[in-house]
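Asker: Residue numbers (UniProt numbering): 1 to 660. Where a beta carbon is used, it is the ideal one built from N, C-alpha and C, also for glycine. Quick one: structure below, then a few questions.
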DNA sequence: GTGGATGAG
DNA sequence: CGCTCATCCAC
């Protein structure tokens, strides 16, 4: 804990130049609404340290100071921090890595293998590139567990503004939470503004020492040191930092993972902040430090400027230094990259970013793909891989709650690459019918046929299968029996859609399912439990949609077994079948329940699950709607802020009114 | 809605 | 690097 020095110290407040805060009661109100244009906004970015490597360390029970890397075929895809101190990184060749760090532990990722119906960690996987495809499922599972801990650590009040930005990172909008803590702590802010004028400035904060604990603080520009008194924007950052510290602590204590975090006024700055000091540290970027902090970066490090757009800007202005771009006028920027992108760029290099934290934690598509080292040359070969892709995707669909009709993908897509050419075809997944491996595989085969009809399809260097267009299943939760169904377009459930006894079977309906909604993720309870799939393409029994082939319960301790890196015999098929008749497998509990107790058990869940809805966000709709990144800030003159266009082509930004 | 491209991790 | 995911755009 090399704590850094507090940056803001007490100022004895004698006839300060300013008796009032520069923020107003209106700003405070905007904070409570998580307005993206609020100057007191607090956003956090949390990033797991070398995530895949940590997953493997924890799974295998490797000591924290042991160098470990995660291997995929002949490359490394993650390197933990102890290993990095030997000079290792992701792009280093394996013999090189061993030379630099002889004690390096290398763990290959889990793989799917033809003829097997589960992914597994296999001792020979790195030599099996021709028969295996990698599975990231273990990491997805861990990611869900972590997300769940984050959510349960934060106030429950829906909507929780947590955005999953990747398998190992999230953004959190802390504004509302910070606001409530602020009012508790400083009751003088709670009253109505003087003269009931929201534009009245807030009182100045008490000039106490701000205790930043162990947080890293971004240095101030030397030109800014005079304006020393803490204002409310400093206080809210401090509160945000305390919250984030609690979240990180919970992740650490409950799941053993370390992470780094950034706390700042918006997503961009929070993200830059989380990368400032790693591993296992958090960094506060106070508003007064933004410019100085940014000046150290190449603008190509900023999100959306890492690719062709960034290159375009570099070549247009002959520099990759952010500071130099600051001297470029808005009009010049617009002239080079278009109006919208130019406007976006002008703001972003000044630390402005009004993009929303969209409280979405669920994926929109899933994909299973493989590059073929020697290319493949026949339909036969292609179909073998399709079989594996389908098994992979189906297992993940099960995790998504698809068999319980919680969510459902609408389309399937097949991509095919031959040489430089990539072509794809897509088809709707027939509605009204249960999704199973057999139907998915048939669809995939159809797509394959469509892709290879015209033109040369061989040799094929890459195939990828994806499903997408997920629709929410039933989200409602009324109904004494807990029986719910969903029509194709039903987004919510009302009494008319509710069935008496759970088995109406119009052709257009999916098989009605009992409700079994678990917070977000039924699978998070089991550490590295394998996802299931039958491996065969037979239908489930119509009334046993909830059941899954039994897991091997031997490792189910709710926690990792450091002793068992490798898996694990699974039940024999016959036993499986027998078991399925007498029990059903409750994914929420991760255990088998006797048929006789099924109804009661379901009802118990039903009653239990009336909390967390991740669905409809009412949104802070005063300003912007979910997914709209664009909010106009009208500080003076009011310039629009928009997303950058793609490929240098600006896209229309939508404008929303702001305050002030 | 479809298919390609860009971008991030 | 190889694999996943998301978003946007022209059609």
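1) Let me know if residue 265 comes out buried or exposed under the rule of 16 or more other beta-carbons within 10 Å of its beta-carbon.
2) Quick one: what does DSSP say residue 532 is sitting in, helix, strand or coil?
3) Mind checking residue 91: buried by the 16 CB within 10 Å criterion, or exposed?
4) For the beta strand (DSSP E) that contains residue 134, what are its first and last residues?
5) CB-CB under 8 angstroms to residue 329, same chain, minus the five flanking residues each way: which ones, in chain order?
6) So which of 398, 235, 399 and 126 has the shortest CA-CA distance to residue 661?
7) Can the beta-carbon of residue 182 be found less than 8 angstroms from the beta-carbon of residue 239?
8) How would you call residue 160, buried or exposed, if buried means at least 16 neighbouring beta carbons within 10 angstroms?
9) Is residue 667 helix, strand or coil by DSSP?
10) How big is the Cα-Cα spacing for residue 214 and residue 163?
11) Quick check on residue 194: buried or exposed, where buried means 16 or more other Cβ atoms within 10 Å of its Cβ?
12) In chain order, which alpha helix (DSSP H) runs of at least 4 residues are fully inside the segment 64-142?
13) Determine the extent of the alpha helix (DSSP H) in which residue 249 is found, giving its start and end residues.
14) Roughly how many whole angstroms lie between the Cα atoms of residue 19 and residue 360?
15) CB-CB under 8 angstroms to residue 241, same chain, minus the five flanking residues each way: which ones, in chain order?
16) Per DSSP, what are the beta-bridge partners of residue 420 in this structure?
17) When we look at the beta-carbon of residue 244 and count the other beta-carbons within 10 Å, is it buried (16 or more) or exposed?
18) Can you give the Cα-Cα distance for residue 355 and residue 35, rounded to whole angstroms?
19) Please report the straight-line C-alpha distance between residue 341 and residue 45, rounded to a whole angstrom.
20) Tell me the rounded alpha-carbon separation between residue 129 and residue 294.
21) When the Cα atoms are used, what is the spatial distance from residue 428 to residue 140?
22) Give the single residue among 395, 452 and 165 whose Cα lies nearest to the Cα of residue 438.
23) Three-state secondary structure (DSSP) at residue 48?
24) In the structure shown, what three-state DSSP assignment does residue 672 receive?
25) As a quick exercise: from 408, 425 and 196, pick the residue whose alpha carbon is nearest that of residue 434.
26) Count Cβ pairs between the segment 364-383 and the segment 451-461 that sit closer than 8 angstroms; are there 3 or more?
27) Locate the alpha helix (DSSP H) running through residue 341, then write down its first and last residues.
28) Using the DSSP secondary-structure output, state which residues sit across from residue 259 in a beta bridge.
29) List the DSSP bridge partners of residue 371.
30) Buried or exposed: which applies to residue 310, given that a residue is buried once 16 or more other Cβ atoms fall within 10 Å of its Cβ?
31) As a quick exercise: from 202, 391, 111 and 87, pick the residue whose alpha carbon is nearest that of residue 72.
32) Mind reading off the beta-carbon distance from residue 174 to residue 21? Whole number of angstroms is fine, and I expect it under 8 angstroms.
33) Is it right to say residue 199 is buried, meaning 16 or more other beta carbons lie within 10 angstroms of its own, or is it exposed?
34) Please go through the same chain and pick out, in chain order, the residues whose beta-carbon is closer than 7 angstroms to the beta-carbon of residue 290, but skip the five residues on each side of it.
35) Can you list, in chain order, the residues of its chain whose CB lies under 6 angstroms from that of residue 417, leaving out five sequence neighbours each side?
36) Looking only at its chain, what residues have a beta carbon closer than 7 angstroms to the beta carbon of residue 103, apart from the 5 residues adjacent to it on each side?
Answerer: Well, looking at it:
1) Residue 265 is buried by the Cβ-count criterion.
2) Model confidence at residue 532 stands at a pLDDT of 29, short of 50, so the residue's coordinates are unreliable and nothing is read from them.
3) Answer is exposed; the Cβ neighbour count stays below 16.
4) Segment 132-134, the beta strand (DSSP E) holding residue 134.
5) If we look at residue 329 and ignore the five residues flanking it on each side, it has no Cβ neighbours.
6) Absent from the structure is residue 661, since the part of the chain shown begins at 1 and ends at 660.
7) If you check the CB distance, residue 182 and residue 239 come in under 8 angstroms.
8) Classification of residue 160: buried, given that the 10 Å Cβ count is 16 or more.
9) Absent from the model: residue 667. The displayed extent of the chain is 1 to 660, so no value can be given.
10) Looking at the two C-alpha atoms, the distance is approximately 26 angstroms.
11) In this structure residue 194 is exposed. Its beta-carbon is surrounded by fewer than 16 other beta-carbon atoms within 10 angstroms.
12) If you keep only unbroken alpha helix (DSSP H) runs of at least 4 residues inside the segment 64-142, you get 81-84 and 94-100.
13) Where residue 249 is concerned, the enclosing alpha helix (DSSP H) stretches over 232-255.
14) Cα atoms of residue 19 and residue 360: separation of roughly 42 angstroms, rounded to the nearest angstrom.
15) Answer for residue 241: 212, 213, 215, 263, 282 and 284, listed in chain order.
16) According to DSSP, residue 420 bridges with nothing at all.
17) Counting Cβ neighbours within 10 Å, residue 244 comes out buried, since at least 16 surround it.
18) Per the coordinates, the alpha-carbon of residue 355 lies some 10 angstroms from the alpha-carbon of residue 35.
19) Straight-line spacing of the CA atoms in residue 341 and residue 45 works out to 24 angstroms.
20) Across the structure, residue 129 and residue 294 are spaced so that their CA atoms are roughly 43 angstroms apart.
21) So the two alpha carbons sit approximately 26 angstroms from each other.
22) Answer by Cα proximity: 395.
23) Three-state DSSP puts residue 48 in a strand.
24) What the structure shows of the chain is the stretch from 1 to 660, and residue 672 is not part of that stretch, so it cannot be assessed.
25) Per the Cα distances, 408.
26) Pairwise C-beta distances place the segment 364-383 in contact with the segment 451-461, as three or more of them are shorter than 8 angstroms.
27) That run of the alpha helix (DSSP H) goes 339-348.
28) The bridge partners DSSP lists for residue 259 are 48.
29) For residue 371, the pairing in a beta bridge is given by DSSP as 462.
30) Buried: at least 16 other Cβ atoms inside 10 Å.
31) Selection 202, 391, 111 and 87 evaluated against residue 72 yields 111 as nearest (Cα-Cα).
32) The beta carbons of residue 174 and residue 21 sit about 20 angstroms from each other, so the pair does not count as a contact at 8 angstroms.
33) Residue 199 is exposed by the Cβ-count criterion.
34) For residue 290, where only same-chain residues beyond five positions count, the Cβ hits under 7 angstroms are 269 and 351.
35) Within the same chain, Cβ atoms closer than 6 angstroms to the Cβ of residue 417 are found at 461 and 462, the five residues on either side in sequence being excluded.
36) The beta carbon of residue 103 lies closer than 7 angstroms to those of 67 in the same chain, with the five residues before and after it left out.
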